[in-house]
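Colleague: In terms of numbering that gives the first Met the number 0, the sequence shown has 24 at position 25, counting the first letter as 1, and numbering is strictly consecutive. Even glycine gets a Cβ: it sits at the ideal position worked out from N, Cα and C.
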Amino acid sequence: MQQAALLKILLENSPDCIYFKDLERRFIAVSRGLVQRLGQQSASDLLGKTDSDFFGQEHALATALDEQEIVETGHRIVGKLEREDLPDGTVRWVVSTKLPMRDESGRIIGTFGISRDFTAEKEWEDRLNSERSLLRSVIEHIPDPIYVKDLAGVYVLDNGSHRLFLGRHQEEEIVGKTSHDFFPKEQALKFEGDDQRTLESGIPLINREEIVIRSDGSRTWFLTTKVPVKGTQKSPELLVCIGRNVTQQKLAEERLLQTNAELSSTVEKLKEAHQQLRDVQMQLVEAEKLKSVGRLAAGVAHEVKNPLAVLHLGVELLRQTVPATDEESGAVLDEMTNAIARAETVVRGLLDFSAPRKLQQEAADFNEVVRHSLQFVRGELRTHHVKVALELSTDLPLIEMDRQKMEQVLINLLTNAAHAMALKGGTLTIRTRREQLTGVGGNVGHALSENFRIGEWLLITEIEDTGTGIPADKLEHIFQPFFTTKATGSGTGLGLSVSKTIIALHGGIISVKNVPGSGACFSIFLPTP
Numbered sequence: 000m001q002q003a004a005l006l007k008i009l010l011e012n013s014p015d016c017i018y019f020k021d022l023e024r025r026f027i028a029v030s031r032g033l034v035q036r037l038g039q040q041s042a043s044d045l046l047g048k049t050d051s052d053f054f055g056q057e058h059a060l061a062t063a064l065d066e067q068e069i070v071e072t073g074h075r076i077v078g079k080l081e082r083e084d085l086p087d088g089t090v091r092w093v094v095s096t097k098l099p100m101r102d103e104s105g106r107i108i109g110t111f112g113i114s115r116d117f118t119a120e121k122e123w124e125d126r127l128n129s130e131r132s133l134l135r136s137v138i139e140h141i142p143d144p145i146y147v148k149d150l151a152g153v154y155v156l157d158n159g160s161h162r163l164f165l166g167r168h169q170e171e172e173i174v175g176k177t178s179h180d181f182f183p184k185e186q187a188l189k190f191e192g193d194d195q196r197t198l199e200s201g202i203p204l205i206n207r208e209e210i211v212i213r214s215d216g217s218r219t220w221f222l223t224t225k226v227p228v229k230g231t232q233k234s235p236e237l238l239v240c241i242g243r244n245v246t247q248q249k250l251a252e253e254r255l256l257q258t259n260a261e262l263s264s265t266v267e268k269l270k271e272a273h274q275q276l277r278d279v280q281m282q283l284v285e286a287e288k289l290k291s292v293g294r295l296a297a298g299v300a301h302e303v304k305n306p307l308a309v310l311h312l313g314v315e316l317l318r319q320t321v322p323a324t325d326e327e328s329g330a331v332l333d334e335m336t337n338a339i340a341r342a343e344t345v346v347r348g349l350l351d352f353s354a355p356r357k358l359q360q361e362a363a364d365f366n367e368v369v370r371h372s373l374q375f376v377r378g379e380l381r382t383h384h385v386k387v388a389l390e391l392s393t394d395l396p397l398i399e400m401d402r403q404k405m406e407q408v409l410i411n412l413l414t415n416a417a418h419a420m421a422l423k424g425g426t427l428t429i430r431t432r433r434e435q436l437t438g439v440g441g442n443v444g445h446a447l448s449e450n451f452r453i454g455e456w457l458l459i460t461e462i463e464d465t466g467t468g469i470p471a472d473k474l475e476h477i478f479q480p481f482f483t484t485k486a487t488g489s490g491t492g493l494g495l496s497v498s499k500t501i502i503a504l505h506g507g508i509i510s511v512k513n514v515p516g517s518g519a520c521f522s523i524f525l526p527t528p
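1. Can you tell me whether residue 158 is helix, strand or coil according to DSSP?
2. Provide the residue span of the alpha helix (DSSP H) that contains residue 132, from first to last.
3. Which whole runs of the beta strand (DSSP E) in the segment 151 to 207 are 3 residues long or more, in chain order?
4. Flag this pair as yes or no: are the beta carbons of residue 252 and residue 150 separated by less than 8 Å?
5. Starting from residue 435 and walking both ways along the beta strand (DSSP E), at which residues does that stretch end?
6. Taking the DSSP output, what are the residues bridged to residue 372?
7. Chain C beta carbons: is any one of them nearer than 8 Å to that of residue 182?
8. With DSSP as the reference, label residue 8 as helix, strand or coil.
9. Classify residue 271: buried if its beta carbon has 16 or more other beta carbons within 10 angstroms, exposed otherwise.
10. Indicate whether residue 458 and residue 413 have their beta-carbon atoms separated by less than 8 Å.
11. Give the C-beta separation of residue 152 and residue 178 to the nearest angstrom, bearing in mind that I take them to be a contact with Cβ-Cβ under 8 Å.
12. Going by C-alpha to C-alpha distance, which of 515, 521, 525 and 519 sits closest to residue 507?
13. Can you look up residue 245 in the DSSP assignment and give me helix, strand or coil?
14. At which residues does the beta strand (DSSP E) containing residue 477 begin and terminate?
15. For residue 377, which residues from the same chain have a beta carbon less than 8 Å from its beta carbon, with the 5 sequence-adjacent residues on both sides left out?
16. Quick check on the burial criterion: 16 or more other C-beta atoms within 10 angstroms. Buried or exposed for residue 66?
17. Exposed or buried, which one is residue 453 when buried takes at least 16 other CB atoms within 10 Å?
18. Tell me whether residue 421 sits in a helix, a strand or coil according to DSSP, three-state version.
19. Classify residue 469 as helix, strand or coil using the three-state DSSP reduction.
20. Please report the straight-line C-alpha distance between residue 415 and residue 511, rounded to a whole angstrom.
21. For residue 364 and residue 332, which I take to be in contact (beta-carbon distance under 8 Å), what is that distance rounded to the nearest angstrom?
22. First and last residue of the beta strand (DSSP E) that includes residue 361?
23. Does the segment 126 to 133 come close enough to the segment 98 to 115 to have 3 or more Cβ pairs within less than 8 Å?
24. Tell me where the alpha helix (DSSP H) around residue 34 begins and ends.
25. Name the residue from 206, 516 and 239 whose alpha carbon lies nearest to the alpha carbon of residue 155.
26. Where does residue 393 sit, in a helix, a strand or coil, going by DSSP?
27. Taking three-plus beta-carbon pairs below 8 Å as touching, is the segment 119 to 130 in contact with the segment 17 to 29?
28. Would you kindly work out how many angstroms separate the C-alpha atoms of residue 429 and residue 449, rounded to a whole number?
29. Going by the CB atoms, is the gap between residue 165 and residue 181 shorter than 8 Å?
30. If residue 225 sits next to residue 197, beta carbons under 8 Å apart, how far is it from one beta carbon to the other, in whole angstroms?
31. Out of 213, 195 and 220, which one is the CA nearest neighbour of residue 206?
32. Would you report the Cα separation of residue 48 and residue 25, rounded to the nearest angstrom?
33. Check for me: the alpha helix (DSSP H) holding residue 499 runs from which residue to which?
34. Counting along the chain, where does the beta strand (DSSP E) carrying residue 21 start and finish?
35. Going by C-alpha distance, which of 401, 431 and 321 is nearest residue 500?
36. From the DSSP output, in three-state form, read off residue 318 for me.
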C-alpha cells in the first residue's frame, strides 16, 4: 500500500512525463506531466490508448519499434533524444529513458519510461551549432590567414588562407603542431615570445608590421593582430591571431622610394629647365629678330624633351606599383603628371614656333575641319556653359590645307573663346563664307590689300565670342610670341603666335577685333580656287 501511495504521489506531482504500458503498448498509468503535454484533461483520457492516438505516424512508429525491442531483448534505452509532434501541431524535443516492466516472477509484462522536455536546450544547441557553422564558414573564407593557438603554442584551428601560406592543404596537417614545424628556429622563437607576452599581459597586439621568414627563405610582410581569449577562470586560454599580407604594398613602397631617388636628379633638372624656359621667355619677348627667338626656343625645347620623357616613364611606372587605395600617392602622381603635361605643352609650342614642319596639304572641306575641331573642345565648352552657333556656308569649295595644322589653329581659337566666357558662359558663333576681294566696299583693308590681289576669292572664317573682349592696349600685341592675357600658368603665350605662322604658311592672314557690346572676333582669310 505504501508503495502504491508513493507511486501515486510521483505520478501526480512530477513535471516529467512518466508512463506504464502493457504488451499491446496501451497506457495503463501516466503522470500528470504527460497528461498536460498531450493536452488532455485527466489520466483517464490516455488509459487504454496508444501513442498513435496522440502523436504523428513517424514518432508513433519509432516508439513502437523501441518498445518491441525492449520486450524482445529486455534491454534498456537510456537518454534517447526524440522529436515529438504533439496534437496541437507543436514540436517538442525530449530526452527519454525506456525500460522493460516485469512481474514478480521476472516475466516481461510491458514497458515503462520517463521523458524530460529538452526543447529549450535543443533550440539553444541548434542555434549555437548554426552560429558556430556560420563563424567557421566566415573564418574559412576570409582572405587573411586566421589561426588559434592554446597556451602551449599549439595550433587548434586555422583557415584556408593560413594553410595556403604554410603550403598545406588539410587542417589536420596544421592542428596539433607548433610554429617550429613550419618556420626556422629563430622565427618560431620570436613568434613564441610575442604569444607569451600577449597572453601574460592580456593586452591585444593590433596591426603590428612584421616580416615573416618561411623555411624556404622567402620573406612576407604582415600586419599581425593577436587577441587573448579568456576562459571560465577569467584568464587567457587561447590566442586568436590574424595576419594581413601587405607584401605588395611594401614592395610598392620600396620601388616608389627607389624610383623617387632615381628621379630626384631629373626633377632638379626639370626645375632648372623651367627656370631656363622663363629666362629664355623673357629674352625672347625682348628680342627683335624672330630668327634668334626661334633658335633659342628650339634649343631649350630639345634640351627639355629628354628629361620630360624620363619623368613621364617614371610616373607611369609609379602608377602601376602604387595601390589604388593609396590616395595620397595618387594625388602626388596626378600633380606630377599635370606638371609634365604643362611643360610638354610649352615644348611643343616652342618647337612649332621655332621650326614649323612642312605642310602636308590635301584638298579638304573647311566646314568639316571646323566641326571636327569642335569635337575636341566640347568638354571646355560644356564646362564653361558655352553655346555654339554655326553659320557655315554650304557652297565652299575644297581648299588645299594641312588638316592637322588647321585644326591646331581652330582648337586654339575655340579654347581661348571658351576661356573668355568662363565666368558667365555665353555664345560662340562660327561663320564661314566665300567672298571676292573687289577693292570697293568693306571687304578690303590694309592687310588684305598687301596679301591678296583684287578679284581674288577668299574663304573667310570668323570666330566670335560674347566674353570680356581684349583690352585695347593689348590688341596690337596679341600675336606676339609669349604674350598672353591669361593668368600666370594658364597659358604659354605661344598659341596665337604659332597660329599666325600656320595661317601664313597657308598663304593667309589672321586678325582680331573687339565687337561692340560683345566680346572678341578672330577672322581668318585664306585663298580659295
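Modeller: From the atom records:
1. In the sequence shown, counting from the first residue as 1, residue 158 sits at position 159. Residue state, collapsed to three classes: coil.
2. Sequence index remark: in the sequence shown, residue 132 carries index 133 (1-based). Start and end: 118 to 140.
3. 154 to 157
4. As a first step, residue 252 must be located in the sequence shown, where it is residue number 253. As a first step, residue 150 must be located in the sequence shown, where it is residue number 151. 8 Å or more divides the Cβ of residue 252 from the Cβ of residue 150.
5. For the purposes of this step, residue 435 is identified with residue 436 of the sequence shown, where counting begins at 1. Taken as a continuous stretch (DSSP letters only), the beta strand (DSSP E) holding residue 435 covers 425 to 435.
6. The count along the sequence shown starts at 1 and reaches residue 372 at position 373. DSSP, once it has assigned bridges, lists no residue as partnering residue 372.
7. Absent from the structure: chain C. Only one protein chain is present.
8. Taking the first residue of the sequence shown as position 1, residue 8 is located at position 9. Helix at residue 8.
9. As a position in the sequence shown, residue 271 is number 272, starting the count at 1. Per the 10 Å Cβ criterion, exposed.
10. As a working mapping, residue 458 is identified with position 459 in the sequence shown. As a working mapping, residue 413 is identified with position 414 in the sequence shown. No, the pair does not count as a contact, with Cβ atoms beyond the cut-off.
11. What you label residue 152 is simply residue 153 of the sequence shown in a count that begins at 1. What you label residue 178 is simply residue 179 of the sequence shown in a count that begins at 1. The Cβ separation is near 7 Å, so the contact holds.
12. Against the sequence shown, residue 507 aligns to sequence position 508. Comparing Cα positions, the closest option is 525.
13. Here residue 245 refers to the residue found at position 246 when the sequence shown is read from its first residue. Coil, per DSSP.
14. The residue you call residue 477 lines up with position 478 of the sequence shown. Per DSSP, residue 477 lies in no beta strand (DSSP E) and is assigned neither H nor E.
15. Counting from 1 along the sequence shown, the entry for residue 377 is found at position 378. Taking residue 377 as the centre and dropping the five residues before and after it, the same chain places no C-beta closer than 8 Å to its C-beta.
16. If you number the sequence shown from 1, residue 66 lands on position 67. Using a 10 angstroms sphere on the CB of residue 66, the tally of other CB atoms reaches 16 or more, which defines it as buried.
17. In the sequence shown, the residue the question calls residue 453 occupies position 454. When all chains shown are included, residue 453 counts as exposed.
18. As a working note, residue 421 is residue 422 in the sequence shown. Three-state DSSP puts residue 421 in coil, outside helix and strand.
19. Along the sequence shown, read from residue 1 onward, the residue named residue 469 stands at position 470. Here residue 469 carries a coil assignment [DSSP, helix/strand/coil].
20. If you number the sequence shown from 1, residue 415 lands on position 416. If you number the sequence shown from 1, residue 511 lands on position 512. Cα to Cα, the separation comes out at about 13 Å.
21. On the sequence shown, position 365 is the one that residue 364 refers to. On the sequence shown, position 333 is the one that residue 332 refers to. Not a contact, Cβ separation roughly 42 Å.
22. Numbered from its first residue, the sequence shown carries residue 361 at position 362. Unbroken beta strand (DSSP E) run through residue 361: 361 to 363.
23. no
24. One-based indexing of the sequence shown puts residue 34 at position 35. Segment 31 to 36, the alpha helix (DSSP H) holding residue 34.
25. Position 156 of the sequence shown, counted from the first residue, corresponds to residue 155. The candidate whose alpha carbon is nearest that of residue 155 is 239.
26. Translated into positions along the sequence shown, residue 393 becomes position 394. Coil at residue 393, not helix or strand.
27. no
28. For the purposes of this step, residue 429 is taken as residue 430 along the sequence shown, with counting starting at 1. For the purposes of this step, residue 449 is taken as residue 450 along the sequence shown, with counting starting at 1. Taking the straight line from one Cα to the other gives about 26 Å.
29. What you label residue 181 is simply residue 182 of the sequence shown in a count that begins at 1. What you label residue 165 is simply residue 166 of the sequence shown in a count that begins at 1. Taking 8 Å as the Cβ cut-off, residue 181 and residue 165 qualify as a contacting pair.
30. Numbered from its first residue, the sequence shown carries residue 225 at position 226. Numbered from its first residue, the sequence shown carries residue 197 at position 198. About 5 Å separates the Cβ atoms of residue 225 and residue 197, confirming a contact at the 8 Å cut-off.
31. Mapped onto the sequence shown, residue 206 falls at position 207. It is 220.
32. Numbered from 1 along the sequence shown, position 49 holds the residue referred to as residue 48. Numbered from 1 along the sequence shown, position 26 holds the residue referred to as residue 25. The straight-line gap separating the alpha-carbon atoms of residue 48 and residue 25 is approximately 5 Å.
33. Taking the first residue of the sequence shown as position 1, residue 499 is located at position 500. Start and end: 494 to 504.
34. On the sequence shown, residue 21 is found 22 positions in, with the first residue counted as 1. Taken as a continuous stretch (DSSP letters only), the beta strand (DSSP E) holding residue 21 covers 16 to 21.
35. Position 501 of the sequence shown, counted from the start, is the residue given in the question as residue 500. The residue with the shortest Cα to Cα distance from residue 500 is 401.
36. Residue 318 sits at position 319 when you count from the first residue of the sequence shown. Here residue 318 sits in helix by DSSP.
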